[in-house]
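Student:
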Amino acid sequence: MTKRMKEELYYYWLDNVPGIGRITMRRLIEVISPRELYEQGAGAPGLPLREKQRKQLDEHRQRWRLEEEWEGLREKGIHFCCMTSRDYPDKLRNIPDPPVVLYQKGEVEHIHRTGVAVVGTRNCSAYGTLAAKELGRALADQGIVVISGMARGIDGISQWAALEQGGASVGVLGCGVEICYPRENRFLYERLQESGCLLSESSPYTQPHAGLFPSRNRLISGLAEVLVVIEAKEKSGSLITVDMALEQGKEVYAMPGRITDSVSRGCNVLIKQGAELLLSPREFAGEMGKLLMGKKAEEKKEESPLTLQEKELYGLLEPLPLSVEAIWQKARRINPGLTLSQVMEGLLMLVMKGQASTHEQYFYRSHLG
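Just so we're on the same page, our numbering is the position in the sequence shown counted from 1, plus 488.
(1) What residues in its chain sit with their C-beta under 6 Å from that of ALA649, if we drop five residues either side in the sequence?
(2) Grab me the residues of GLY529's own chain with a C-beta within less than 8 Å of its C-beta, minus the 5 sequence neighbours each way, in chain order.
(3) Please confirm whether ARG838 and ILE632 have their CB atoms less than 8 Å apart.
(4) Quick check on this structure: which residue in LYS778, MET638 and TYR500 has the alpha carbon closest to the alpha carbon of PRO587?
(5) Under the DSSP definition of a beta bridge, which residues are partnered with GLN647?
(6) Check this for me: beta carbons of VAL831 and ALA814, under 8 Å apart or not?
(7) Please report the Cβ distance between LEU607 and SER521, rounded to the nearest whole angstrom; I am assuming they are in contact, meaning their Cβ atoms lie under 8 Å.
(8) Grab the span of the beta strand (DSSP E) containing ALA639 for me, first residue to last.
(9) Do you know offhand how far ILE718's Cα is from GLY745's?
(10) Return the residue from the list SER724, VAL634, GLY762 and GLU764 that minimises the CA-CA distance to ARG753.
(11) Please state whether DSSP places LYS778 in a helix, a strand or coil.
(12) Under the rule that 16 or more other beta-carbon atoms within 10 Å means buried, what is ASP503, buried or exposed?
(13) According to the neighbour-count rule (16 or more other Cβ atoms, all chains shown, within 10 Å of its Cβ), is ASN673 buried or exposed?
(14) Please say whether LEU516 and LEU497 have beta carbons closer to each other than 8 Å?
(15) Find the nearest neighbour of LEU618 within the set ILE645, ARG523 and GLU597, judged by alpha-carbon distance.
(16) Out of PRO824, ARG706, GLY684 and GLY531, which one is the CA nearest neighbour of GLY662?
(17) Using a Cβ-Cβ cut-off of 7 Å (strictly less than) and excluding sequence neighbours within five positions of SER709, which residues of its own chain qualify?
(18) Rounded to whole angstroms, what is the Cα-Cα separation between ARG551 and ALA844?
(19) Per DSSP, which residues does THR846 bridge with? Please list them.
(20) Please list the terminal residues of the continuous alpha helix (DSSP H) segment that includes GLU719.
Structure below.
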């Protein structure tokens, strides 16, 4: 078992400590690594935990068998990765509030491919059903992955159409990957494991509940290059995904509908507010195929060489975000005369050259190799 794999064991343990949710987990790993936390327990200094959480952590630490639990995960066919994993999707590193851990079943490579998110109402019309099917098939023909939430209606219809056409789809769940929700989409759930992929940031047997669905929407838009809305009411959950896509800098397309149809009201309003107009699913898919594949080719062009100082700064970056102050302190051990402004300038050049990423004045490596 490699050193990196061992690190993932501790992330898996921490993610399963009762009483420690996503926000608390993120606060913890800002002050201590999961491995150190497992070794030192709740007595480690500076932990942002309440007394009850400390007790739960130590009790869970005594019960948990690292390698046995890990093997159990593998036996279920579940792939686990964390923010420090080499196969953690780069597309999610750059979104606000990236997931600390991910659980996946199926063909994991699909989450790294070019994808279009398709969302819409659960109670879709015959018009919406036809459009979702046509779009799913057209995207599959272009080799573009359909990303959605496996929900009843537009989501599931577009995903099933892509799979039936011989394409691929990623189902982002508001529950654990061992739970099929909704139950009526059991066939889609099974098919995604065979020729697509299921993904969740919740532990495998987490039951669905209302609080999980809005947060999972950021992953749907985060994994996609473009978001498409097909039929949505004016106060629809799909519009939460739209807000998150816009926050992530993604382009949003909406399919128009009749002004008398309540399920089209949200899409029509989006178009009025500036969303791109989707008139033909097949034309859209063809344009996206050319545009996105061209973008991938552009990204493969030779990167600008790094200066000696930039190489030194890059060597100080980590997979997890560090503040400019923290990076400066590390850099001064190598070059005591280095100023804070020089470090900031160097970090911004690394971002421009695609070697570093930034979020709220924190910097981290764009690549783990």
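Glycine residues also receive a C-beta, built at the ideal position from the N, C-alpha and C atoms.
Tutor: In short:
(1) LYS621, GLY624 and ARG625.
(2) The residues are LEU545, ASP546 and ARG549.
(3) According to the sequence shown, residue 838 is Leu rather than Arg. Between LEU838 and ILE632, the C-beta spacing is not below 8 Å.
(4) It is TYR500 whose Cα lies nearest to the Cα of PRO587.
(5) For GLN647, which the question treats as bridged, DSSP gives no partner whatsoever.
(6) With a cutoff of 8 Å on beta-carbon distance, VAL831 and ALA814 are scored as not near each other.
(7) With the sequence shown as reference, residue 607 is identified as Val, and Leu is not the correct amino acid for it. Not confirmed; about 36 Å, so no contact.
(8) Run containing ALA639: none; DSSP gives neither H nor E here.
(9) Roughly 9 Å between the two C-alpha positions.
(10) Looking at the Cα atoms, SER724 is the closest of the given residues.
(11) Under the three-state reduction of DSSP, LYS778 is assigned to helix.
(12) Its Cβ being crowded by 16 or more others within 10 Å, ASP503 is buried.
(13) Buried: at least 16 other Cβ atoms inside 10 Å.
(14) No, the pair does not count as a contact, with Cβ atoms beyond the cut-off.
(15) Ranking ILE645, ARG523 and GLU597 by CA distance to the CA of LEU618 puts ILE645 first.
(16) Among PRO824, ARG706, GLY684 and GLY531, the Cα nearest to that of GLY662 belongs to ARG706.
(17) Around SER709: ALA605, LEU715, THR729, MET732, ALA733, GLN736 and LYS738.
(18) C-alpha of ARG551 to C-alpha of ALA844: approximately 39 Å in a straight line.
(19) The beta-bridge partner set that DSSP reports for THR846 consists of PHE851.
(20) Annotation for GLU719: no alpha helix (DSSP H) segment contains it, and DSSP assigns it neither H nor E.
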